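I have placed the structure first, in the form of C-alpha cells, so that the comments after it can refer back to it.
Residue numbers (the numbering used here): 907 to 1053.
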C-alpha cells in the first residue's frame, strides 16, 4: 500500500476496485465508498503512530458519529481510485474529516465524516488523549504525517 501526504494535511490512499466492491450492474456498491474512506482514516491514524486495534489498550477508540456523503460519478471494476482524508476540524473529543474519492481528477464521491472518541469501557464520549491530540493538531497543519 502506497500512501502520499500533502503539505495541507491531506492523507492520500490509492485503492483498486475489485469485483467484490461492485454490485450486479458492475459499479461500486455505494456503501463500499465508506469502506474505502475508513481505510484512509485508519492509515492516517497509523501514519501518526497508532493502530486501531491497540487503542482499546489505552481505553479509548474512535467511532463514526455521522456521515454526509454525496455520490457524483460511478466507479467500475479495476478502476484505480485515490481516497483522501483531510482533518478539517479537531475538537476535544471529535474529529471532522473531509474525504474524497477520485478517479484521476474526476470526483467520484465526497463526504464529511464526524468521528467521536469514546471510552472503550463505557462507549461514552471522552477527550482525545493529549499526545494523540497534539499529533492530530500537527497533522491538520500538514506536519507529522511524513515518513
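A virtual CB, placed ideally from N, CA and C, is assigned to each residue, including glycine. Please read these numbers as outputs of a predicted model, since none were measured by experiment.
Through-space distance from residue j to residue i, alpha-carbon basis
| i | j | result |
| --- | --- | --- |
| residue 979 | residue 942 | 15 Å |
| residue 1045 | residue 951 | 10 Å |
| residue 923 | residue 954 | 26 Å |
| residue 921 | residue 1024 | 29 Å |
| residue 1002 | residue 915 | 13 Å |
| residue 1019 | residue 944 | 10 Å |
| residue 1012 | residue 948 | 24 Å |
| residue 917 | residue 993 | 9 Å |
Cut-off 7 Å between Cβ atoms - residues of its own chain near residue i, not counting five sequence neighbours on either side
| i | result |
| --- | --- |
| residue 1035 | 964 and 966 |
| residue 930 | none |
| residue 974 | 1017 and 1018 |
Residue span of the beta strand (DSSP E) that contains residue i, given as start and end
| i | result |
| --- | --- |
| residue 1022 | 1012-1025 |
| residue 982 | First-last for residue 982: undefined, no H or E at that position. |
Distance cut-off 8 Å: residue i Cβ against heavy atoms of the ligand GDP
| i | result |
| --- | --- |
| residue 939 | Looking at this structure, you won't find the ligand GDP or any other ligand, since it has none at all. |
Residue i - containing alpha helix (DSSP H), residue span
| i | result |
| --- | --- |
| residue 1044 | 1036-1046 |
Nonlocal neighbours in the same chain, by C-beta distance under 6 Å from residue i, ignoring five residues either side
| i | result |
| --- | --- |
| residue 927 | 934 and 938 |
Residues near residue i by beta carbon distance below 8 Å, same chain, minus five either side
| i | result |
| --- | --- |
| residue 932 | 982 and 983 |
| residue 908 | Residue placement at residue 908 cannot be trusted, given a pLDDT of 43 that sits under 50; the coordinates are not used to answer. |
Residue ranges of each beta strand (DSSP E) run of no fewer than 3 residues wholly in the stretch 910-959, ordered along the chain? Within the stretch 910-959, complete beta strand (DSSP E) segments of at least 3 residues are found at 916-922, given in chain order.
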